[in-house]
Every structure is written in C-alpha cells, then in structure tokens.
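Order-wise, the sequence lines are chains R and Y.
The first sequence maps to residues 12 to 883 in the working numbering.
The second sequence maps to residues 7 to 686 in the working numbering.
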Amino acid sequence: MLFALFVISGTDMKYERLFSPITIRNCVFSNRIMSTAAVTRLAAEDGHVTEAFKERYKRLVQGGLGAMVVEAAVVLPSKSSFNLRVSDDEFIPELQDFVKEIRLVNPDVKVGLQLIHFLKLSRSGWRQKVEDLKPEEITVIPGQFASGAMRAREAGFNFVELHMAHFTTLASFLSLLNKRKDEYGGDFEGRVKLPTEVVLATRKALGNDFPIGARILGEEFTKEGNTLLQSTRVARRLASLGLDYISVSAGERFEDADPPPPNFPPFAGTGYSGYRMSPRWWNPDGVQVYLAEGIRKAVREAGYEIPIVTAGKIRTPELAEEILDQGRADIIGMARALLADPDWPLKAKADRADDIVKCAACGYCSESDERYETVTCIEWPKGVLNPASPWLLVPPCKAACPAGIDIRSYIDEAAQGHYEKALHVIEEKIPFPATIGRVCPHPCEAKCNRGEYDASIAINGLKRFIADLVAARQGRKNVSQPPRVHKERVAIIGAGPAGLTAGFNLVQRGYGVTVFEALPVAGGMLTVGIPEYRLPRGLVQAEIEDIQKWGVEIRLNSPVGKNGLALDGLFQQGYHAVFIATGAHRSITLGVSGEDLEGVHHGTSFLREINLGKKVVVGGKVAVVGGGNVAIDAARTAFRCGSKEVFIVYRRSREEMPAYREEVEAAEREGIKILYLATPSKILGKNGQVTGIECLRAELGEPDESGRRKPIPVRGSEFVMDVNAVILAIGETPDLFLLDLTKFRVTSDEKMKVDPLSLMTNVPGVFAGGDAVSGPATVIEAIAAGKKAAISIDKYLRGEKIEDEEIAPRIIGMEEVDVGRFNKRPRQTMSAISPKDRIRGLEEVNLGFTELEALREADRCFQCGLFPNKEK
Amino acid sequence: MIKTVCMLCFQVCGINACVKNGKLTKVEPMPEHPFSRGVLCPRGECLASYVYSPDRILYPMMKKNGKFTRISWDEALDAIANKLQQIKKKDGAHSVGFSVGSIGAENIVISAFAQRFRGAFGSPNYFSIEAHCFRTRIMARLLTFGTYPLEDPDNSECIILWGHNPDASEPPLAARIYKALDRGLKLIVIDPKRIPLAKRGKFIQIKPGTDAALALAMMNVIINEGIYNKEFVEKYTLGFNKLKEHVKDYLPEKVAEICGVSADDIREISWIFAKAKGASIIQGINALDQHINGFQNSRALAILHAITGNYDVPGGWAFNPFMRLTDLRLPVEEEPIGADQFPLFRRLWNMVAPYGQQMVLPDVILSGKPYPIRAMIISGGNPAASWPDSEKLKKAFTKLDMLVVMDLFMSQTAELAHIVLPACSSLEMVGLAYNYGLTGGMPFVMLNRKIIEPLGESWPDWKFYSELGRRMGYGEYFPWNSDEEVVEHLLKASKITLKDLEEHPEGIWFGERCYDIRAKNQIKTPSGKIELYSQTLADAGYDPMPIYREPTRSSVKSPELAKKYPLILNTGARIQEYTHWQMRHIPELRKLAPDPVAEIHPDTASRYGVGDADMILVETKKGQIKVKVKTTEDIMPGVINVLHGWAEELNENVLTDVEAQDPVTGYPELRALACQIRKV
C-alpha cells in the first residue's frame with residue numbers, strides 16, 4: 012500500500028457529501044466520518060493510557076477521518092479492568108499527552124472522549140440493575156459526568172460524548188425495562204430524569220462553547236425494551252436540552268445476551284440484541300440506518316437541527332454517501348470498518364474504494380472483547396497495519412513503462428471483467444487511454460516475462476480494449492472539475508500529449524491551467540502527425556474534451572513566440588509558471604540539390620496538411636525517404652491519397668529501421684515497396700517539378716553514436732528512379748523560434764536544455780518537456796514528461812525542493828514465476844480490415860479485441876510476483 | 007400506519023398499511039424492509055381494492071340446481087363432513103384429495119392445515135403447486151450439493167438471468183439488480199425475449215427449450231479452455247473426469263446451431279461467468295423447469311456453479327438457513343398417486359416430499375384407476391386455470407362427487423365446486439412471513455399482522471380445517487382457537503416467539519447466511535462431495551449427468567408436427583399487474599393491462615398478415631385461444647409468447663397438455679410448444 016499516493020490525489024470529490032465539513036457547536040469536523048467509541052482493551056489494568064493505546068489511535072487518525080470518539084472513559088470510581096479512566100485528576104496529564112500526540116499525527120481531526128457510567132458486574136455473573144441503585148448513589152452521577160467532562164476538556168479533547176446506549180447506566184434508566192418505582196423510573200419523565208440531570212450538569216460545568224454529544228439506542232432489540240418510538244422521544248428531549256449531536260446505536264443489552272458459561276458474567280455483545288449492535292455478515296449493510304433516519308426525522312420535526320450520527324455495518328463509501336445524500340443521517344459512524352482499515356477515509360477520498368480492506372463483519376473483534384483480550388481485527392494480516400511492500404518488487408512491464416502504469420493490476424482487473432476498475436488503474440497515470448492503446452510502442456511487451464514462455468501479453472491491445480469498452484458502455488465519463496485550491500495559474504505551450512498531460516495533472520492539483528496551441532486543433536502529433544487510419548480523430552478529440560471538462564482551458568490558434576504572444580508576456584499576464592511542450596515538428600532537410608523543387612514534401616508537414624483536411628496532391632509515383640514511423644505513415648498516407656506506386660528509400664537495412672515492425676509489415680502488405688541500403692544523392696527535376704530521384708547504394712559500416720551501423724554510400728552505384736513526388740521524412744527537430752535564444756540554453760542540435768530532474772530550463776519558472784526536449788520520441792514518453800513536469804511545477808510553486816523520489820525497483824524475473832500454473836496458449840491477435848479495403852479510405856485498420864479475446868488474453872498474464880515460484 | 011407484509015405472491019414484501027376507523031385505506035411500500043427495500047408492485051398498491059372488492063366471496067355457498075345459494079358455515083361443514091365420512095367408508099380415505107395452490111405454498115397456514123387434516127383423515131393424496139412449480143431446482147441442487155443453496159445477488163459480480171424477467175415477476179430482485187448494475191455488476195441475460203434488463207447487459211437470445219445445450223457448451227468451454235476452478239474441483243467435486251468426457255461433444259459451434267446463438271457469444275459468456283468472483287445464475291421461476299428436459303436444465307446450472315467454484319462463496323450460490331417451524335403433519339403410510347411414476351420426486355435419500363404428482367390426477371379421476379378419487383378440497387389455488395390441459399381437468403373435476411373450494415373470489419375452479427367457502431385475506435388474519443430465507447436468501451422473519459377484521463363470514467384456512475376436524479372427531483389434533491395460537495405453535499420449533507415478532511414489527515433476523523459449509527464438511531450428498539456425476543440419478547435410471555434433449559414438439563424432434571404448427575409457443579410469461587389469474591377484476595389493474603396478448607416479432611406477424619391489436623387464434627394440437635397481437639422486436643422471430651393466467655375462455659392452458667413430462671420430476675412441458683396462428 013502506497014499511502015502517499017492517496018494523499019496526493021485527494022482532491023477527487025466522488026463522495027462529496029461524505030467529505031464535506033460539518034460544524035458541531037463551533038467545532039468543525041473536516042468530513043463526515045466519525046470513529047465511534049469502541050473498546051480496545053489497550054488501556055492499562057488501572058485505566059491508564061499505554062503506549063499501545065496511543066499507537067492504536069495514532070494509526071487510526073492517520074487515515075483522515077473527521078472526528079474520533081475515543082473509547083469510553085470511566086467517570087465513576089468503581090473498578091473496571093482495562094477500561095480507560097477519567098475518574099480522577101491523576102488521569103489528566105497522560106490524556107493531555109495522548110491528545111497532543113494525536114494532533115501531531117493529524118492536526119485536523121477532532122478528538123472526543125466518550126464518558127461512561129456503568130452498572131457493576133462481577134465475574135460470578137451478578138449484575139447490578141437500575142432498581143438496585145439507592146437514591147444517594149443516583150444523585151452523584153451527574154456530578155461524576157460533569158467532572159469527567161471537565162477533565163476531558165482540560166486534557167485537550169474537542170468534545171465529549173455521553174454514553175447513553177447499550178448496557179450503560181443511563182441507557183438502563185432510559186429503558187422501558189427500568190422498573191424503578193421512584194421518580195427515576197416509571198413513565199417517560201421518570202426514565203429520562205437522570206439522563207436529563209447528567210446533560211444539564213455537564214453543560215453547566217463546561218459552559219456554552221464546548222460541544223457535548225450523546226450516544227443513544229435507536230432500538231434495544233430486547234423484549235419489552237425501547238423501540239424507535241421511545242428513542243425518538245428520548246432524542247427530542249436531548250435535543251431540547253441543547254446537546255450538539257446524537258449518535259444512534261442499537262442493541263447490546265445484557266437482558267438478551269447468550270447464556271454465559273458457568274461462573275462467567277453474561278456478555279452483552281451476544282444474543283440477538285448484541286448482534287444487532289455490531290451487525291454481522293448475515294445482516295445487510297447499513298441495517299441500522301433506518302433508526303437514525305427515524306430519530307433524525309422526529310428531531311427535525313420538533314424543530315431541532317442537530318446532527319445525527321448513524322453507525323452499524325457501513326462499509327463502503329458508496330453506502331455512506333448514499334445515506335448522507337438521502338438525508339438519513341448527517342455523520343457516518345464507523346468502528347469496525349476503521350479497525351479493518353484505518354485508511355478507509357483516505358482511500359475513499361482518493362476514489363480508491365476498491366482498495367479498502369473491508370470489514371468482514373465477522374465478529375472477531377467483538378469476540379476478543381468477550382474473552383477480555385486486546386481487541387484486534389482478523390483483516391489486519393491483509394496488509395493494513397502490517398503493510399507489506401511488494402510494490403518495491405516490480406513486474407518487468409511496469410518497470411518498462413515510461414509512465415509507470417500498474418499494468419499487472421489493470422490486466423488482473425480486466426481478466427475478471429472489471430473493465431472500469433482497470434481503466435481507473437490506467438488513468439491514474441495517463442490521460443488518453445484509448446489513444447495510447449493505439450499508438451504506444453509498448454516497450455512493456457518487449458519486457459514481458461511471458462515472452463520467454465510463449466508470447467508476450469498484448470498489453471497495449473488490452474489497454475485499447477478497456478478504454479474503448481468503458482467509453483462505449485458508459486458514454487464519455489461525466490467528469491466534474493476538481494476544486495481550484497491554488498490561486499496560481501500555469502501556462503502551457505503546446506496542446507500535444509506532453510502539454511495536455513501536464514495540464515490535466517496540474518488541474519487535479521488545484522491550479523488554473525491555460526494551454527496555448529498554435530494550430531486550429533488540439534492534440535499535437537496525435538492529431539496532426541498520426542494518420543487517421545491508425546488513430547481515429549474523433550477518439551483523440553473526445554479524450555481531449557474529457558481533459559477540458561476537467562478544467563484545462565485550451566486556446567487554439569494562439570501561437571506563442573515570434574508570431575504571437577511573447578513568452579515573457581505570459582508572466583505579466585498573471586501566469587506563475589510556464590511549461591513548454593511544443594514538440595518537434597520541423598523536418599530535417601536532406602542537404603542535397605533539388606530539395607526546393609515543386610513536388611518535394613516534408614513528412615510531418617505533409618501529414619499535418621492531410622490531417623488538417625487540406626487536399627495535397629502527390630503524384631502517381633512517390634518516393635518517401637526515411638525509415639521511421641513518419642516515413643511509413645507518409646508512405647501509407649500517400650497511397651491513400653491516390654498514388655499508384657510508393658517507394659520507401661532507406662539508407663540502412665530492415666534491422667536498423669526505427670519504425671514499428673508491425674507498421675512496416677502493414678505497409679508492405681498494402682503494397683508499399685521498401686528500398687533498403689539506398690541513400691538519395693540528388694532530386695531531379697524539370698521545369699521546377701520533380702521528375703526523379705537519384706540514389707546511391709550503401710553498405711553498413713561501424714555503429715555510430717545511435718548504436719546503429721552507419722551506412723556508407725558506395726561510389727559509382729548511382730541509379731535513378733522516376734517519381735512525381737518526394738516526401739522527406741528523415742527526422743524532425745523542435746522549432747524553437749518562440750524562444751529568445753539569448754535567454755534560454757539549447758543543445759547543439761537545437762533541443763531545449765533542461766534540468767533532467769525537474770525539467771526546469773535555465774529560466775526560473777519555465778519548464779520544458781516532451782519532444783521539444785528529447786527530439787522525436789513516443790507518445791508515452793511525452794506523457795511521462797508531462798506528468799513529471801506537473802509534479803515539478805507544483806513543487807516549484809509551493810516552494811518545495813524538487814527531489815528524485817524514485818526508489819529503484821527490483822524487477823521480477825522469469826525465474827520467480829511459477830510457470831507450472833500456466834498452460835501454453837497463443838497470444839490473441841486483433842482482427843483488421845483487409846488490405847484491399849484499407850487503402851480506400853482513412854478508417855481505422857485495427858479493429859481491436861472482442862471481449863472474448865480480451866478476456867482470453869488477460870487471462871494469460873503471469874501476474875508476476877503474485878504467484879511466486881514456490882521452488883525458489 | 008401498521009408495518010406488515012403483502013402476501014399476494016411468494017415475495018412477501020414489506021408494506022405500511024394505513025388503517026382508518028378499522029378500514030384499510032392505503033398501502034405504501036416499507037422503505038426499511040430488507041427484502042423489498044421500498045419496492046412495491048401495482049398489485050401491492052391495490053391491496054385495498056383487492057380486499058374490499060365487490061366480487062369477494064363473503065359467505066359459504068352450496069350449488070343447488072346449478073346455482074350457488076348461501077348456506078351457513080355449520081351447514082357447509084356438516085355437508086362436507088358427511089360426504090367425507092361416506093367416501094372414507096366406501097372407498098377409503100385415499101379417495102379424497104387435497105390441493106393447495108401457490109399461495110398455499112407461501113402461506114404456511116394454508117398448506118400446513120391442509121396437510122394436518124388429510125393426515126388426521128388418513129389420505130395420502132395431498133397435492134401442492136410444487137408438483138409443477140419451483141421444486142425442480144431444489145431437487146437438482148440437492149442432488150448436486152447436498153443442500154439447497156440460493157443466489158446472493160447483492161454480493162455477485164456477475165449475474166446470469168436465465169429465462170427470468172424479474173421486472174415482471176420479482177420487482178424487488180429487479181430493483182436490486184438495477185442497483186448492482188450501477189456498481190458495476192456484469193449481467194448476462196439468456197432469454198428468447200429481450201427483457202428490459204437485457205438492455206443493461208450481454209443478451210443471448212436463445213431458442214426456447216435449448217437451454218441445457220447452451221449450459222453444456224459453457225461447460226465445454228470452461229473445461230477445455232482451463233478456466234474452471236481447479237482447486238475447488240479437485241477438493242470438493244466428484245466425477246469431473248466423467249463430466250469432461252461427457253461435455254466433449256458439446257462444442258460451441260455445434261451448440262450454436264441448436265440454440266440459435268453465436269459460438270463466440272457462448273465462449274464469451276462462459277469466460278465472463280467463470281472469471282467473475284462470485285457469480286450467480288438466477289433462473290426463472292419456472293421457465294427452465296416446465297420442459298421435457300427441465301430437471302436436467304437445473305442440474306446443468308448447478309454443475310456450472312460447481313465447476314467454477316461459485317458455491318458457498320459470497321455472490322455465488324450459498325447456503326441460507328431456513329426457519330424451523332413446527333411440523334404439523336401427521337403420518338400417513340400409504341403412498342400418494344404419482345409417487346411410483348416419479349420416485350425421486352417423492353423420495354430423495356431420506357427426504358420425503360409430502361405430496362404426490364398431481365399431473366396424473368385428472369387421469370386418475372377420469373379412469374378411476376388405480377382407485378377412484380371422489381372428492382377434492384382445494385384452497386389457495388385455481389387448478390382449472392393454472393394446470394395444463396385445463397379442459398381435461400375441468401372434465402375430471404365435474405366427475406367428482408364433491409368439490410370444495412375455499413377462496414376469496416369465484417375462480418374457474420370454484421365455479422365447478424359443489425361447496426364454496428369464503429377465505430379471508432392475509433390482511434384479515436395473523437400469520438407468518440418467513441419465506442425470505444427460501445426465496446430471497448435472507449434469514450429474516452416478520453409477522454403478518456391482522457390489519458382489519460375478516461370480511462363477511464370469511465375464515466382463515468386453519469379455522470376451516472380445525473372446525474371440520476373437530477366435527478369429524480379429530481378434535482385432539484386441532485386444539486387451536488385463534489390465529490395467535492396457531493402462529494405460536496408453528497414458532498415453537500424456532501427460537502423466536504410470537505411476542506418477539508409482535509415487538510419487532512420491522513422483522514427479525516433469525517440466522518446467518520453461511521459461506522463456510524464446505525469448511526464445516528457439510529456436503530450432504532451420499533459421497534460427501536459435490537456430485538457432478540450423480541450415482542443417485544444413475545441408480546434411479548436417469549441420466550447421471552445432464553444431457554440435452556430436444557423439446558418434444560420442436561421442429562427437429564417432430565418435423566411432421568412442425569409442418570402444421572411451425573411456430574414456437576411459450577406460455578407462462580408474467581406481468582406485474584397480476585398474480586396468475588388473480589386480480590384481473592381490480593379495475594385499477596385491469597386498466598393497466600386490459601387484454602390477453604400474444605407477443606410476436608414484427609417479421610413473424612407480417613408473415614401471417616397480422617399487426618398490432620389484431621385478434622388471432624393461437625392453435626396447438628390441443629386447442630385454440632383468441633388473443634390480441636402485440637408486436638415487439640424484442641422477441642425472437644418465430645416465437646409466440648402468450649401471457650400467463652388469463653382465465654375465462656382465453657386460458658392459455660387450453661393449449662397445453664401433460665403428454666410430455668419431465669421423466670424425473672413429472673413437470674409438464676409448457677414451453678417450446680408447437681403452434682400456428684391465424685387472423686380472425
């Protein structure tokens with residue numbers, strides 16, 4: 012579990028009501044999650060605070076809850092082993108320390124102390140009843156509560172809660188089972204007399220600006236006990252006395268407890284009533300909510316607005332939000348759910364509800380209490396309080412991904428058909444999942460362990476499937492803007508993948524973002540570089556619209572630099588940081604004669620023109636020079652624009668060709684011929700119009716700085732091909748004309764120079780990334796750079812130091828996988844439209860996986876690290 | 007406002023009944039009810055109109071000269087008692103039959119007292135709706151798992167609705183599924199009709215009657231592609247290798263042709279089902295059962311659950327405790343009719359069903375063999391409308407010396423009766439709502455409270471049987487004098503008292519849903535394993551593993567028949583407005599669904615030159631009925647879907663018969679019949 016991650020992305024407002032603040036008399040709970048008082052049995056036998064006790068609660072508040080009610084502290088002097096005490100001033104200093112330490116861990120959480128007065132119980136089974144209390148024993152009770160409350164205030168607690176539920180003294184007085192014949196029993200007024208006195212005494216002692224709440228029973232679930240009918244009257248009375256909240260519980264009455272073993276007192280946590288207090292797995296979730304709802308309704312009808320807390324098997328943020336949304340309660344109380352996973356609030360807030368270790372409602376905690384043992388949870392070994400750190404062991408796919416997508420997780424989700432969850436995993440790292448799922452060069456697949464076994468997993472194809480399927484099933488997501496937390500605005504130059512990713516991440520971090528795009532369309536190379544048959548335009552635009560819905564403002568036709576806004580001007584316009592992500596769109600020239608002839612095109616601009624919908628006439632016979640993806644795209648596009656014959660002229664051999672293999676194969680299948688080991692030496696022309704291209708044969712020499720063998724032209728091997736057009740696609744370079752080069756440092760090959768850790772240029776506040784820095788690279792690398800820039804800009808604007816936080820992960824090797832579990836199964840192949848149909852238009856060629864193919868493919872994943880080789 | 011339940015159908019939803027001056031004025035859903043969760047169908051909302059309907063039978067009546075005349079309860083009871091004594095003396099007690107319909111299966115008091123009385127009287131011939139409704143799945147699951155596990159839709163990641171349209175027949179379930187869909191439930195719908203929920207999931211439009219083939223092909227995929235739950239299969243099941251061999255031939259491509267679906271769809275749903283953590287198949291109440299292959303359909307679904315490990319886990323089929331109630335039955339040695347033809351239906355291991363197989367009853371009455379049946383007492387049911395081949399049944403009933411029908415309304419069966427007795431509605435008596443555990447998977451019980459006084463001279467069933475029993479000298483068996491005493495007695499076997507229930511009008515959870523039966527070593531089959539291969543079935547001469555058999559009247563099986571009757575007829579589809587034949591006289595409901603309709607694909611309709619609202623004759627080799635055409639793209643072309651329970655001259659059961667029966671259960675074949683249509 013990576014806790015930091017939850018904190019970072021904590022601006023998600025999926026559970027808006029749950030994470031909205033609420034004020035209890037002048038005390039603000041930052042959200043609606045309250046840990047209800049639950050005994051830990053971690054206090055010392057004499058009721059003192061222990062280290063273990065502190066640790067438990069410190070861990071609890073780390074999870075980000077709004078309010079914590081510390082377990083019941085005893086206000087009367089009677090002995091009660093391992094119960095926290097506040098019955099004497101001697102307990103104040105340690106409680107003070109306790110509250111201080113809690114605040115150190117979480118300064119926002121509001122800490123309350125529950126105050127309990129109980130009826131005595133002995134191990135022999137004897138039990139005091141309200142009828143046994145003598146009048147003089149009753150009259151001291153309000154004072155005991157009041158003193159306890161004052162001690163709590165002195166110790167620094169934010170509020171106190173009077174325990175009037177379950178088997179406590181006050182609950183027993185309130186009960187219809189109270190058979191006292193004197194003024195403290197009988198009718199409603201008699202039963203409510205002592206609790207009323209307690210409230211009044213406590214209020215008097217604490218004055219008017221300290222919140223006091225109470226916990227009551229919605230229903231006793233015992234024969235002849237109180238039902239909702241009585242509870243609503245009690246609640247209305249308490250509200251009229253000026254209490255600040257009412258927390259509604261149910262059940263847990265000794266009257267209904269299972270028969271105890273001989274010489275044991277009954278345990279109130281058993282019996283139908285006890286099980287209703289902590290609803291077990293056979294009870295539905297939220298089984299108690301109707302009680303809070305009923306009480307809330309009654310109290311509201313009587314004209315009181317005090318918040319009502321509901322509790323009892325509320326395990327998911329969905330349910331919690333629903334309860335609040337439907338106005339059934341105002342605060343969600345949780346005890347066991349937070350015991351199973353203290354980070355429940357954080358995970359919910361970060362929209363990672365699926366990671367919540369869900370309370371099994373098994374009763375294990377309650378049973379440990381019954382056995383007089385420290386209260387623990389059976390779910391802990393699952394990784395919350397003893398977090399394992401398998402995340403430092405990284406599957407090779409994730410290690411190979413420039414964006415660090417948790418590939419193993421999303422494939423696992425997809426294998427179970429949880430496509431939406433899978434998409435969440437992907438979107439944690441990248442926007443544009445459907446786009447990336449089409450054009451990523453998927454370095455992950457090359458590293459996949461399964462590749463050594465039969466064939467690597469078709470990871471990118473699965474990504475595409477997941478994104479497409481979720482979009483198709485749910486339409487475009489209904490996203491709402493994250494709140495603007497910071498006043499600073501960031502200007503981003505270039506609406507390509509790097510710029511938009513940075514914008515997306517900055518908006519999520521609470522900044523205002525404007526993206527300036529020189530072209531009339533957003534998307535950068537995604538839109539104007541990659542041909543439509545590989546990446547449908549509508550899809551990219553839809554994903555860009557999502558990013559806009561998140562609050563990223565995109566200004567089209569807004570060049571920055573010499574032809575538009577001055578870069579410096581951005582700071583004057585109120586932008587606090589700038590991210591340059593202008594890409595690399597300028598084609599490199601060949602440096603041979605004839606390049607200025609009519610009919611000579613440059614790869615990127617050729618593709619851009621076509622992609623912008625302009626009609627470009629190329630001839631019947633075209634030569635494309637280059638061996639990268641742009642060359643292949645240009646060649647295939649030329650074919651689609653009506654050329655009858657298309658050649659690719661490449662100076663090295665197939666082996667060195669940087670274009671994706673499948674793209675090269677697809678081009679060949681479509682009828683494009685590739686001339687290897689040929690170097691253009693001259694472009695021939697007549698009347699200013701291209702008529703042919705002269706090339707030299709080449710041989711491969713020693714590897715150059717790129718690691719590839721250098722082509723050496725063979726003298727005298729000239730040959731001429733007749734062509735109508737030449738498309739030069741031998742490489743691109745950033746166009747840095749927007750920069751004042753006296754201020755910015757650039758590399759010798761005209762790329763921007765940045766600090767590799769922070770991506771900041773030599774000008775403070777100006778960052779750069781993507782192709783503008785790296786030269787032409789992949790979309791996924793641009794996205795990784797955009798994300799990295801966003802993190803840096805955030806830190807820069809917050810005045811934090813930019814450090815490299817990455818811990819070098821250890822990659823899980825093939826030998827660590829228990830391959831015996833897996834049968835050899837072929838990699839699923841995507842269907843594609845036939846080559847014949849392809850060149851007719853620009854429809855997408857690859858059809859993507861069907862659900863069946865995707866399920867089969869995802870099922871092949873080794874899930875490296877999760878099924879370790881036992882022999883190892 | 008009183009918290010109680012609606013007992014109009016087996017779901018028993020929670021309601022808040024508003025009563026003013028002793029009169030029920032309004033019924034609202036009970037939002038906190040754990041089963042229905044604030045859902046209430048139009049029938050429930052119309053409870054007041056139902057209870058106060060001018061058509062209610064309010065006093066006992068006897069048919070004299072073909073006309074019913076009012077008599078007193080004393081007269082009625084005397085007449086019945088005399089006749090019963092007479093028949094017992096002459097032909098033996100077995101010549102009197104007792105029958106309860108579906109409400110009798112759900113309202114424990116009705117069936118318990120019918121059984122108590124027949125025990126006291128000494129007749130083995132007690133019949134229950136379970137002879138053609140619901141019990142198939144119980145038997146199939148018992149034979150497979152040794153328990154009767156139930157679906158767990160709230161925890162399921164994947165649900166297959168197989169021949170089930172909960173929007174029409176189980177609104178609370180539908181509401182839960184819609185909710186689950188919002189949280190990402192994967193829904194697969196297998197049905198000849200695109201039901202409303204099909205739009206929210208993967209829809210497989212299957213040819214009626216071919217379900218077992220599809221299930222076997224799914225097994226084929228799951229086993230061959232290695233996506234079965236290996237650990238579970240090894241540890242808990244018996245006969246996997248036999249099954250593997252058995253399903254070898256059910257290749258998706260081959261089965262695709264049988265079912266009219268695509269092979270890739272079969273593969274896809276197999277994968278989705280097998281891969282989901284916690285998957286439940288929810289089968290229709292009867293859609294898969296009333297087939298020649300009905301029992302094997304249910305067996306196949308059980309096996310699908312077993313091989314994917316979707317048993318005894320959250321979201322899968324899991325054991326649910328049932329409420330233990332006092333057994334009011336008295337022993338009868340003799341076997342009921344139908345027991346010899348369908349031995350497993352009567353007796354499975356040490357479990358004995360209390361009823362005979364009523365599908366043979368009309369023949370027994372008409373032939374007098376093996377012995378004459380001279381009288382029937384029927385309550386909570388309307389066999390003349392709801393049993394197959396209603397014409398034959400009516401003929402048989404008219405042959406009886408005495409037919410006694412206890413009901414709220416003058417049903418088609420009541421019209422044939424010699425004596426009609428006024429039953430009170432569930433709102434007029436105290437009873438138990440306990441069957442959430444049996445159908446909804448919830449160990450929850452509520453009190454069915456008495457909201458209003460019984461109308462006219464209507465009685466609860468227990469009172470009728472008790473009074474009759476006392477009159478016939480069986481007083482010692484009928485000591486109860488009030489609703490409360492009866493409920494108190496029934497509850498004795500449980501840990502709950504009437505007082506508990508009175509104190510908790512919102513209901514009580516009496517037990518725990520269990521996901522650790524296997525850990526407790528409680529697979530109670532003879533082998534102690536989950537039986538993919540059933541020796542019990544083999545020993546009884548049945549297929550030990552499910553086999554696909556063509557519907558008797560399919561064009562493949564009976565090509566000659568298909569020439570005359572080329573269309574496939576399905577009967578039994580429900581709508582929300584009515585429970586079986588009941589409530590059609592409630593004006594509010596009738597307005598919502600005024601006519602008996604047959605759903606038909608527009609292509610099929612145009613082939614026969616008919617269109618919406620045209621009247622057509624639907625004809626089988628058994629008979630014909632007149633219905634109104636409703637075209638819908640949702641139904642499979644070539645299939646006619648006649649809605650269930652329209653009585654009067656339009657009864658769909660004029661078209662059905664019992665010539666083809668499931669060999670294991672004796673259930674009649676009421677789906678995938680051959681028919682033709684004609685415009686009139």
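Built from N, CA and C at the ideal position, the CB exists for glycine as well.
Applying a beta-carbon distance threshold of less than 7 Å, which residues of chain Y neighbour residue 295 of chain R?
-> 40
In chain order, what residues of the same chain have a beta carbon less than 6 Å from the beta carbon of residue 332 of chain Y, not counting five sequence neighbours either side?
-> In chain order, 495, 496, 498, 499 place their CB closer than 6 Å to the CB of residue 332 of chain Y, counting only its own chain and leaving out the 5 sequence neighbours on each side.
Quick one: Cα of residue 171 of chain R to Cα of residue 508 of chain R, how far?
-> 53 Å
Opposite residue 714 of chain R in the DSSP bridges: which residues?
-> As DSSP reads the structure, residue 714 of chain R sits in a beta bridge with R:720.
When the distance is taken between beta carbons, is residue 566 of chain R closer than 8 Å to residue 593 of chain R?
-> For residue 593 of chain R and residue 566 of chain R, no; Cβs fall outside 8 Å.
Which of helix, strand or coil DSSP assigns to residue 26 of chain Y = strand
Residue 363 of chain R versus residue 138 of chain R: straight-line alpha-carbon distance, rounded = 46 Å
Between which two residues does the alpha helix (DSSP H) containing residue 525 of chain R stretch?
-> Run containing residue 525 of chain R: none in the alpha helix (DSSP H); it sits in the beta strand (DSSP E), 523-527.
Taking only beta carbons into account, state which residues of the segment 437-462 of chain Y come closer than 7 Å to chain R, listed in chain order.
-> 449
Please report how far the alpha carbon of residue 419 of chain Y lies from the alpha carbon of residue 546 of chain Y, in whole angstroms.
-> 36 Å
Measure the alpha-carbon distance for residue 100 of chain R versus residue 162 of chain R and round it to whole angstroms.
-> 7 Å
Three or more beta-carbon pairs under 8 Å between the segment 829-839 of chain R and the segment 609-625 of chain R, yes or no?
-> Taking one beta carbon from each stretch, the segment 829-839 of chain R and the segment 609-625 of chain R have fewer than 3 pairs nearer than 8 Å; the two do not touch.
Please list the residues of the segment 256-289 of chain Y that have a C-beta atom closer than 7 Å to any C-beta atom in chain R, keeping them in chain order.
-> Residues passing the 7 Å Cβ filter: 270, 273, 274, 277, 278, 281, 282, 283.
Between the CA atoms of residue 50 of chain R and residue 83 of chain R - distance to the nearest angstrom = 7 Å
Check each candidate in R:581, R:701, R:441, R:280 and name the one with the smallest Cα separation from residue 608 of chain R.
-> R:701
Residues bridged to residue 132 of chain Y [DSSP beta-bridge criterion] | Y:104
Euclidean distance between Cα positions of residue 47 of chain Y and residue 548 of chain Y | 41 Å
Compute the beta-carbon to beta-carbon distance between residue 105 of chain Y and residue 140 of chain Y, rounded to the nearest angstrom, for a pair I have assumed lies under 8 Å.
-> About 16 Å separates the two Cβ atoms, so there is no contact after all.
Leaving out the 5 sequence neighbours to the left and right, which residues in its chain are closer than 6 Å to residue 207 of chain R when beta-carbon positions are compared?
-> none
Flag residue 20 of chain Y as yes if its beta-carbon sits less than 8 Å from any beta-carbon of chain R, otherwise no.
-> no
Show which residues of chain Y have a CB atom less than 9 Å away from the CB atom of residue 234 of chain R.
-> 503, 505, 506, 509
Given residue 247 of chain R, which residues of its chain have a CB within under 8 Å of its CB, disregarding the five upstream and five downstream residues?
-> 309, 310, 313, 315
Provide the residue span of the alpha helix (DSSP H) that contains residue 175 of chain Y, from first to last.
-> 172-175
What is the DSSP secondary structure of residue 515 of chain Y, counted as helix, strand or coil?
-> strand
Helix, strand or coil for residue 88 of chain Y, going by three-state DSSP, please let me know.
-> helix
For residue 18 of chain R, which three-state DSSP category applies?
-> Any reading at residue 18 of chain R must be qualified, since the residue scores a pLDDT of 36, below 50, and its modelled position is unreliable; the value itself is stated next. Residue 18 of chain R: helix per DSSP, three-state reduction.
Taking the C-alpha atoms as reference points, what is the distance between residue 50 of chain Y and residue 451 of chain R?
-> Within the model, the alpha-carbon separation for residue 50 of chain Y versus residue 451 of chain R is close to 57 Å.
In angstroms, rounded to a whole number, what distance separates the CA positions of residue 580 of chain R and residue 498 of chain R?
-> 19 Å
Starting from residue 265 of chain Y, trace the alpha helix (DSSP H) both ways and give me its first and last residue.
-> Note, residue 265 of chain Y: alpha helix (DSSP H), 258-265.
Step through the CB atoms of chain Y and report whether any lies within less than 8 Å of the CB of residue 543 of chain R.
-> no
Could you check the C-alpha separation between residue 866 of chain R and residue 570 of chain R for me, to the nearest Å?
-> 45 Å
Please name the residue in R:271, R:812, R:504, R:237 whose C-alpha comes closest to that of residue 510 of chain Y.
-> R:237
Name, please, each residue of chain R whose Cβ falls closer than 8 Å to the Cβ of residue 519 of chain Y.
-> Against chain R, the beta carbon of residue 519 of chain Y has neighbours under 8 Å at 292, 293, listed in chain order.
Within the segment 624-655 of chain R, ranges of the beta strand (DSSP E) (whole runs, at least 3 residues) = For the segment 624-655 of chain R, whole beta strand (DSSP E) runs of length 3 or above, ordered along the chain, are 632-636.
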